[in-house]
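Asker:
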Amino acid sequence: MELEPTPIPPKLAELSDEEIYAGVDPDVQQAIMSADPANGETIALTFGCVGCHALDPNEVKTGPTWHNVGDTAVIRVPGESPAEYLYQSITAPNAFVVPGYPSNVMPANFTETMSPEQIATMVAYLLQQNGQ
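Following this note's numbering, the numbering of the sequence shown begins with 14 at its first residue and continues without gaps.
Put into structure tokens, the structure is as follows:
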């Protein structure tokens, strides 16, 4: 019996814009694409995101690591694009909970406390986290 090799999941950098943003409202897509990801770190500090998430893959926190989350988002939820998954993770955090992490911990009111621009900036920032 011949074994099939395990397929290597695609990297975010290998996807087209259409694949990255599939399922995302066009206005949200435009906001993400025009956002400055460099401002994501400040937003993450301001809203306390770094209390539960880390860029260091060896640092265990309450929430999943952001190390390589851009590439992880490509395959995290079958049928969801990376941008759609990350946007939904902020705006509806209990829609998909990463296995091994608790539900109902991440605030579910970021659409009320963050501006649409801040959410778009966070998605742009997270899309850039590729483990480098």
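Note that CB positions come from ideal geometry on N, CA and C, so glycine has one too.
No experiment lies behind these values; they were computed from the predicted model shown.
1) Distance, Cα to Cα, Ile-56 vs Met-135?
2) Using CA coordinates, which residue listed in Pro-106, Gly-83, Ser-116 is at the minimum distance from Pro-95?
3) Could you pull the start and end residues of the alpha helix (DSSP H) that Ala-57 belongs to?
4) So, does the segment 22–36 touch the segment 110–122, judging by three or more C-beta pairs under 8 angstroms?
5) For Tyr-114, count neighbouring C-beta atoms within 10 Å of its own C-beta (all shown protein chains included) and say buried if the count is 16 or more, exposed if not.
6) Mind checking whether Val-118 and Thr-59 have CB atoms under 7 angstroms apart?
Answerer: Judging by the given coordinates:
1) Taking the first residue of the sequence shown as position 1, residue 56 is located at position 43. Taking the first residue of the sequence shown as position 1, residue 135 is located at position 122. Spanning the two alpha carbons is a distance of roughly 7 angstroms.
2) Looking up residue 95 in the sequence shown gives position 82. Ranked by how close their Cα comes to the Cα of Pro-95, the residues Pro-106, Gly-83, Ser-116 have Gly-83 in first place.
3) Working through the sequence shown from its first residue, we reach residue 57 at position 44. First-last of the alpha helix (DSSP H) with Ala-57: 53–59.
4) Short answer: they don't touch.
5) The sequence position of residue 114 within the sequence shown is 101, counting from 1. It is exposed - the Cβ of Tyr-114 has fewer than 16 other Cβ atoms within 10 Å.
6) Your numbering for residue 118 matches position 105 in the sequence shown. Your numbering for residue 59 matches position 46 in the sequence shown. In this structure, Val-118 keeps its C-beta atom at 7 angstroms or more from the C-beta atom of Thr-59.
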